[in-house]
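Numbering (my numbering), first residue to last: 219 to 464. Where is the CB? At the ideal position from N, CA and C, for every residue including glycine. Contents: one structure, followed by commentary.
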Amino acid sequence: MMFILIYGAMVMRSVIEEKTSRIIEVIISSVKPFQLMLGKILGTAAAGLTQFIVWGLLLALIFVGSSYFFGVDLAPSGVGSQQMGMEQMNQLAQDETQLVFTELMNLPLVSTFIFFILYFLLGYLLYSSLYAAIGAAVDNETDTQQFMLPIMLPLMLGVYIGFATVINDPHGTVATIFSMIPFTSPIVMLMRIPFGVPWWQIIISLLLLILTFLGVVWLAAKVYRVGILMYGKKINYKELIKWIRY
């Protein structure tokens, strides 16, 4: 949720800055509005993806380094013989550390990281399209507040469903349904994957997310095309609907 909000807000602020400084009037003379919007979205997505890859490599190095530092064998092993005094305490601490690393190794870390990248990219592309449309429709960041709540509500709902339902019943009806809904699946499905999710559910969830992204981009491009060169007018939802119908 935080990653999508942070990078989506970066796209929105970039659009508002170019619009208020009138740089957009020069750019739009040589680039179509849809191409400009998609370029901003994909460029920020590439920056975010690079950051996640670096984080993943650093975490892997820290994980392996910590295992050597604490003397933990990453392969499953039996509990060693206990000794008295300080040696016994050290052995118990080492056994606990071994248990933690063993449990972590039993998690589908690689597949979870891969799906995290996929759902982050698709969720970011979906929501950043809405952020770009909002940035094009307003003249300053203060005017965006009225449009932010409808965007944040599905993400907040996804987090609530994840902690309230997925942890207790990851394969229940509520968790399954919300892991298919495109606006909540980037959060709910990621919380279900470590518990084991059938491949057909993941495929359906990804397909619905891709189709919804394409539809939202098409609608956002209509708003972006009209609003990017409009100044000094307070925009409401009724006005946005008119722009979409143009």
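message = Could you check whether the region 439-458 touches the region 235-248, counting it as contact only if at least three pairs of C-beta atoms, one from each stretch, sit closer than 8 angstroms?
response = Cβ pair count under 8 angstroms is three or more, so yes.
query = CA-CA distance, E243 and Y378?
reply = In the sequence shown, the residue the question calls residue 243 occupies position 25. In the sequence shown, the residue the question calls residue 378 occupies position 160. Taking the Cα positions, E243 is about 42 angstroms away from Y378.
query = So L408 and F331 are in contact, right, with Cβ under 8 angstroms, and what is the actual spacing, rounded?
reply = As a working note, residue 408 is residue 190 in the sequence shown. As a working note, residue 331 is residue 113 in the sequence shown. Contact flag wrong, Cβ pair sits at about 10 angstroms.
request  = Please confirm whether V229 and G353 have their CB atoms less than 9 angstroms apart.
outcome  = In the sequence shown, counting from the first residue as 1, residue 229 sits at position 11. In the sequence shown, counting from the first residue as 1, residue 353 sits at position 135. Yes, the Cβ-Cβ distance between V229 and G353 is below 9 angstroms.
key: C-alpha gap between L425 and A278, whole angstroms   = For the purposes of this step, residue 425 is taken as residue 207 along the sequence shown, with counting starting at 1. For the purposes of this step, residue 278 is taken as residue 60 along the sequence shown, with counting starting at 1. Going by the C-alpha atoms only, they are around 30 angstroms apart.
Beta-carbon separation (whole angstroms), Y199 vs G226, contact threshold 8 angstroms = Outside the displayed range of the chain (219 to 464) lies residue 199, so it cannot be described from this structure.
key: For K440 and A263, the rounded distance between their alpha carbons   = Here residue 263 refers to the residue found at position 45 of the sequence shown. Here residue 440 refers to the residue found at position 222 of the sequence shown. Computed Cα separation, rounded: 21 angstroms.
task = State the DSSP-derived secondary structure class of L447, mapped to helix, strand or coil.
result = The count along the sequence shown starts at 1 and reaches residue 447 at position 229. Note: L447 maps to coil in three-state DSSP.
task = Would you tell me roughly how many angstroms separate the C-alpha atoms of Y464 and G414, rounded to the nearest one?
result = Within the sequence shown, numbered from 1, the residue matching residue 464 stands at position 246. Within the sequence shown, numbered from 1, the residue matching residue 414 stands at position 196. Linking Y464 to G414 through their CA atoms gives a straight-line distance of about 45 angstroms.
task = Report yes if the C-beta distance between A355 and W461 is below 9 angstroms; otherwise report no.
result = What you label residue 355 is simply residue 137 of the sequence shown in a count that begins at 1. What you label residue 461 is simply residue 243 of the sequence shown in a count that begins at 1. For A355 and W461, yes; Cβs fall inside 9 angstroms.
message = For a test of the three-state rule: what should DSSP assign to P412, helix, strand or coil?
response = As a working mapping, residue 412 is identified with position 194 in the sequence shown. It is helical.
query = By Cβ distance, which residues of its chain are closer than 7 angstroms to P388, with the 5 residues on each side in sequence left out?
reply = As a first step, residue 388 must be located in the sequence shown, where it is residue number 170. Taken in chain order, the residues that qualify are R410, F413.
message = According to DSSP, is S398 part of a helix, a strand, or is it coil?
response = In the sequence shown, the residue the question calls residue 398 occupies position 180. Strictly speaking, residue 398 in this sequence is Met, with Ser absent from that position. In the displayed model, M398 falls within coil according to three-state DSSP, outside both helix and strand.
request  = Verify whether the separation of the beta carbon atoms of S347 and I259 is less than 9 angstroms.
outcome  = One-based indexing of the sequence shown puts residue 347 at position 129. One-based indexing of the sequence shown puts residue 259 at position 41. Closer than 9 angstroms, so yes.
request  = Consult DSSP for R240 and reduce its assignment to one of helix, strand or coil.
outcome  = By one-based count along the sequence shown, residue 240 stands at place 22. Judged by DSSP in its simplified three-state form, R240 adopts coil rather than helix or strand.
ask   = Between T402 and L373, is the Cβ-Cβ spacing less than 9 angstroms?
value = Reading the sequence shown from its first residue, position 184 is the one you call residue 402. Reading the sequence shown from its first residue, position 155 is the one you call residue 373. In this structure, T402 lies near L373, with their beta-carbon atoms less than 9 angstroms apart.
query = So, helix, strand or coil for I405, using DSSP?
reply = Walking along the sequence shown from the start, residue 405 turns up at place 187. Three-state result, I405: helix.
inquiry  = Restricting to Cα atoms, I'd like to know which of T391, V435, F431 is closest to Q419.
reply    = Within the sequence shown, numbered from 1, the residue matching residue 419 stands at position 201. Looking from the CA of Q419, the closest CA among T391, V435, F431 belongs to T391.
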